[in-house]
Amino acid sequence: MTIESDPSYPAHWEADVVLRDGGTARIRPITTEDAGRLVSFYEQVSDESKYYRFFAPYPRLSDRDVHRFTHHDYVDRVGLAATIGGEFIGTVRYDRIGPDGRPASGPADEAEVAFLVQDAHQGRGVASTLLEHIGAVARERGIRRFAAEVLPANSKMIKVFTDAGYQQKRSFEDGSVHLTLDLEPTAESLAVQRAREQRAEAHSVQRLLAPGSVAVVGVSRSGAGVGAAALRNLRDSGFHGHLYAVNEAVTRDLLDGVRAYPAIGAIGAPVDLAVIAVPADRVPEAVAACGEHGVQGLVVLSAGYGESGPAGLARQRELVRQVRSYGMRLIGPNAYGVINAAPEVELNASLTPAPMPTRGRIGLFTQSGAIGIALLSALLRRGEGLSSFVSAGNRADVSGNDILQYWYDDEATDVALLYLETLGNPRKFTRLARRTAAVKPVVVAKGGRHSPAGHVVPDTRLPEATVSALLRQAGVIRVDTVTELVDVGLLLAAQPLPAGPRIAILGNSESLGILTYDACLTQGLRPLPPRDLTTAASPADFRAALTEALRSEDCDAVVVTAIPWVSEEAPADDLAGALRDAVAECPGKPVAVVHVELSELVEALSAVRGPRPAPSRTTEPAPAPTPAQLYTAAGDSIPSYPAAERAVKAVAEAVRYGQWRRATADDDGRVPEYEDIDEAGAAAQLAGLLADVDTESVLTLTEGGARELLARYGIRVLPTLPAPSADAAVRAADVLGYPVALKTTAPHLRHRADLGGVRLDLANEAELRRSYEELADALGKPAELQPVVQAMVPRGVDTVVRSVIDPAAGAVLSFGLAGVASELLGDTAHRLVPATDRDAAGLIRSIRTAPLLFGWRGSDPVDTPALEELLLRLSRLVDDHPEVIGVSLEPVVVAAEGVRVLSAAVRVAHPPARDDLGPRTLPSY
224 MTIESDPSYP AHWEADVVLR DGGTARIRPI TTEDAGRLVS FYEQVSDESK YYRFFAPYPR
284 LSDRDVHRFT HHDYVDRVGL AATIGGEFIG TVRYDRIGPD GRPASGPADE AEVAFLVQDA
344 HQGRGVASTL LEHIGAVARE RGIRRFAAEV LPANSKMIKV FTDAGYQQKR SFEDGSVHLT
404 LDLEPTAESL AVQRAREQRA EAHSVQRLLA PGSVAVVGVS RSGAGVGAAA LRNLRDSGFH
464 GHLYAVNEAV TRDLLDGVRA YPAIGAIGAP VDLAVIAVPA DRVPEAVAAC GEHGVQGLVV
524 LSAGYGESGP AGLARQRELV RQVRSYGMRL IGPNAYGVIN AAPEVELNAS LTPAPMPTRG
584 RIGLFTQSGA IGIALLSALL RRGEGLSSFV SAGNRADVSG NDILQYWYDD EATDVALLYL
644 ETLGNPRKFT RLARRTAAVK PVVVAKGGRH SPAGHVVPDT RLPEATVSAL LRQAGVIRVD
704 TVTELVDVGL LLAAQPLPAG PRIAILGNSE SLGILTYDAC LTQGLRPLPP RDLTTAASPA
764 DFRAALTEAL RSEDCDAVVV TAIPWVSEEA PADDLAGALR DAVAECPGKP VAVVHVELSE
824 LVEALSAVRG PRPAPSRTTE PAPAPTPAQL YTAAGDSIPS YPAAERAVKA VAEAVRYGQW
884 RRATADDDGR VPEYEDIDEA GAAAQLAGLL ADVDTESVLT LTEGGARELL ARYGIRVLPT
944 LPAPSADAAV RAADVLGYPV ALKTTAPHLR HRADLGGVRL DLANEAELRR SYEELADALG
1004 KPAELQPVVQ AMVPRGVDTV VRSVIDPAAG AVLSFGLAGV ASELLGDTAH RLVPATDRDA
1064 AGLIRSIRTA PLLFGWRGSD PVDTPALEEL LLRLSRLVDD HPEVIGVSLE PVVVAAEGVR
1124 VLSAAVRVAH PPARDDLGPR TLPSY
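Just add 223 to the spot in the sequence shown (first one is 1) and you have the numbering used here.
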């Protein structure tokens, strides 16, 4: 509840959160207008819970209590409430205390904290979520420790504190447990927070994909329209739960054979999921009815929201607020729907007509309904099934991040395919993708790479190739088209990962084999010479050759090429069986097939996940299955492709992903800790700098401000002294000591040594004065040049270190050598933030000019460990403080011993409403 008339109200503390059971709640500061809600909440709390809170029977709150618990200064006294439907379900408050335990103000850095959760909502993770948020508030207000008194019998609350992951002390005093929590985030507290986030968000998606009952709101009596189509698809898919139709004008018990009701409230049973297909202006009424009935989640098919312009976007924001106020989650609006092919569910709450996709190992997420249709059709044509499918439309609430959380530990999903137009929260996406990719492939096709004017998808600030490389560092397999998305997904779902890049090629066409060989080289693979079986090769010849290749220790994967036979003696089924037999006999290596005009082979190679055949009624013993039958029964297939380039591209992506998996499994690197980092001081400095800056503006720090901020993270920038005149330059040199450098700092000359704006190694006053005069004669008046004097540093390699926040990739760390040649060639490498020690070492070695750092042509190698430390310290600064949106250190001179930063520019702004730091929150609207 934002009280706009109260300027002290901290609206940025408001947040929507997902609770442990997948439902949502809103956390917000308690205000003076909450007296009635507080009293109502307290009346619904059990006597036992009241006793645990106040250590004595406390049946009701006095007027003084109500005043105390609703009046806060939001600095020394803060109260937060978790709400659903506007009503309190839990509260937490802290009061700052001094060393004597009495109320205090800053600089006292300890506070007493206490919780109360309504009994009906205990066990949902309300208290642990409130602890995360009140802890973040306390740190913002300069509080570093929480103290709590808990009765020994209140084991639930003790567990909330002890499980939080903070450093803590516990003692037993005067019949109660005294707990002290250090609020500084630790690796353990962050791990606890993210594990809870994963479980909660995965559960919220699971409730949408595996409901026990579904109601379709907006089913026409004529059988036409979106609602009627959704109802038919649900009915015809064989959904195992209860199904209801809702139409306010219904006059009969059944619509399309489904029980029908005039309103969702008239259904005398729980409804887990509602599919809404009414015009946009009637959606709020339908949402309210669903919320009042206790529906857990919504799929809104209705259009007319963010995709339709500013008015629609405002309508969409209000929809999200309304949905979350009831503790529900939302897929859509403008969604295509969801599918869960699990045999115990068989949910098709989408516009995809029956038959629904068969059960498979691929999970599919799209933002676009049209792309969703194309992908579903492509998978169906290739004989591949799905584990689950979500087409989220405008993605106002449930996003690709939520689905990744669900797929992470979903045993039914082996491969995650996503078509995304934006990454939403790129920091969180890359974190989740990296974690998920460590256990199963994540393949992404990203649209909106070149956004036309007025398009809703924001464009990236980095080159597209750079964004792809950054996503690959997170383990994401980035592809360019939806065709490649399917091609790669099929191979990864059906075949094991290759152990390396060595590719065997065999087939009955020498030309097709050579094309495949060339494609392998183009993809950076190491193909073996193609083996030509000749056009006379029989299925038995293919089987023998494939078996031999799979048994060989000289290859890691096999590509089989096949063209039609002239005769009919070798039908496609026989070839498919031969290939299956070979793969079943020698498993462990991936196989892909390239075919030319052999559509029957595609069908024969696909393992169709249909229903199992009924058991035989005969008393005769069944014949022993062949290896090929066993292979098919296991649900695997051999992917086939109509072009060599497509097959090899899929294999190459699998090779690169396998290499990434092995590398991260051996050493994923670590983000080092540095004892001299002053994180709290940097936070205070940034808060002061941004206090008078509006939320849409960017502030470029002064030279002194940038130097001070960087110094807090152990990055020392050499000072410069202004030299508005020759005499001033001499005085500056006397302070710094000779030899010195004289440099211009005018924007058009900055970092342009090639234009003559820098004079180095000036050993005395005479040289300095002469250089000053030469600069003025050649380039302009001192007032225009803005010259400065700086002490000389040891010779070394000039480099550039930068960090930037990119809308498509998040926080990015960049490195390259200084100079126009590197800029012209684009010889800059990038890593995602936070960078590990492994990332930093790889970053400086991945540019083409890296040999200059390691003693090229007899030169002395430079201090690369010191350079790596500089990169890691900058990464920490940007990761710890999302206010820092841009840093440029140029030049950074890397000498034989140490690094020297000669110049720094820092840009800051208010952080976005959502980032991947701090307590768990849902995207805000």
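We put the beta carbon where it would ideally sit given N, CA and C, even for glycine.
Taking 6 Å as the limit between beta carbons, can you name the residues of its chain near residue i, skipping five residues before and five after?
i            : result
residue 779  : 721, 722, 723 and 725
residue 698  : 657, 660 and 883
residue 874  : 780 and 815
residue 1023 : 1039, 1041 and 1113
residue 425  : 628 and 629
residue 468  : 439, 442, 454, 478, 481 and 483
residue 1017 : 1118
Can you tell which of the options has the C-alpha that lies nearest to the C-alpha of residue i?
i            : options                 : result
residue 435  : 402, 505, 443 and 519   : 519
residue 982  : 996, 515 and 971        : 996
residue 400  : 479, 315 and 373        : 373
residue 928  : 1089, 1127 and 739      : 1127
residue 214  : 342, 308, 772 and 585   : Nothing can be reported for residue 214: it is not among the residues displayed for the chain, which extend from 224 to 1148.
residue 543  : 258, 639, 454 and 617   : 617
residue 740  : 717, 759 and 784        : 784
residue 880  : 700, 622 and 395        : 700
residue 389  : 992, 368 and 805        : 368
residue 1005 : 287, 1044, 950 and 716  : 950
residue 733  : 755, 798, 747 and 716   : 755
residue 346  : 264, 316, 261 and 245   : 245
residue 1104 : 962, 1086, 907 and 1125 : 907
residue 559  : 1008, 271 and 456       : 456
DSSP beta-bridge partners for residue i?
i            : result
residue 611  : 563 and 586
residue 1161 : Limits of the chain in this structure are 224 at one end and 1148 at the other, which puts residue 1161 out of reach.
residue 313  : 305 and 340
residue 761  : In the DSSP output, where bridge partners are listed per residue, residue 761 has none listed.
residue 944  : 1012
residue 571  : 562
residue 248  : 240
residue 405  : 368 and 390
residue 273  : Per DSSP, none; premise fails for residue 273.
residue 967  : 1010
Grab me the residues of residue i's own chain with a C-beta within less than 8 Å of its C-beta, minus the 5 sequence neighbours each way, in chain order.
i           : result
residue 320 : 326, 327, 331, 333, 334, 335 and 370
residue 458 : 466, 479, 480 and 481
residue 706 : 601 and 869
residue 853 : Confidence is the limiting factor: at residue 853 the pLDDT is only 34, short of 50, which leaves the residue's position unreliable, though a coordinate-based value still follows. Cβ neighbours of residue 853 beyond the five flanking positions: 807.
residue 677 : In this prediction, residue 677 has a pLDDT of 38, which is less than 50 and means its spatial position is unreliable; what the coordinates show is noted afterwards. So the list is empty, once near-sequence residues are dropped.
residue 621 : 427, 428, 431, 552, 553, 554, 613 and 615
residue 566 : 582
residue 536 : 528 and 529
residue 231 : 296 and 297
Would you mind sorting residue i into buried or exposed? The rule is 16 or more other CB atoms within 10 Å of its CB.
i            : result
residue 1071 : exposed
residue 846  : Model confidence at residue 846 stands at a pLDDT of 48, short of 50, so the residue's coordinates are unreliable; what they give is reported in the following sentence. Under this definition residue 846 is an exposed residue.
residue 1158 : Any question about residue 1158 goes unanswered here, given that the chain covers just 224 to 1148.
residue 744  : exposed
residue 758  : exposed
residue 979  : exposed
residue 168  : Shown here, the chain extends from 224 to 1148; a query on residue 168 therefore has no answer.
Leaving out five residues before and five after residue i in sequence, what residues of the same chain have Cβ atoms less than 7 Å from its Cβ?
i           : result
residue 240 : 247, 248, 250, 352, 1143, 1144 and 1145
residue 613 : 554, 561, 588 and 626
residue 381 : 373 and 400
residue 857 : Caution is warranted here: a pLDDT of 37 is assigned to residue 857, below 50, making its placement in the model unreliable, and no coordinate value can be reported.
residue 944 : 955, 958, 959, 1011 and 1012
residue 268 : 339, 341 and 342
residue 635 : 565 and 610
Exercise for review: Tell me the start and end of each unbroken beta strand (DSSP E) in the region 998 to 1048 that is at least 3 residues and wholly inside, in chain order.
Suggested key: Entirely contained in the region 998 to 1048, the beta strand (DSSP E) runs reaching 3 residues are, in chain order, 1010 to 1014, 1019 to 1029 and 1033 to 1040.
Check your understanding: Taking only runs of the beta strand (DSSP E) that begin and end inside the region 455 to 479, which ones reach a length of at least 3 residues, in chain order?
Key -> 465 to 469
Practice item. Would you list, in sequence order, the uninterrupted alpha helix (DSSP H) runs of no fewer than 4 residues that lie entirely inside the region 323 to 402? Key: 349 to 363 and 378 to 385
**Study point:** Ranges of the beta strand (DSSP E) found wholly within the region 529 to 555, counting only runs of at least 3
**Key:** Fully enclosed beta strand (DSSP E) runs of 3 or longer: 552 to 554.
Check your understanding: In chain order, which alpha helix (DSSP H) runs of at least 4 residues are fully inside the region 686 to 758?
Key -> Along the region 686 to 758, the alpha helix (DSSP H) occurs as fully enclosed runs of 4 or more residues at 687 to 696, 705 to 717 and 733 to 745, listed in sequence order.
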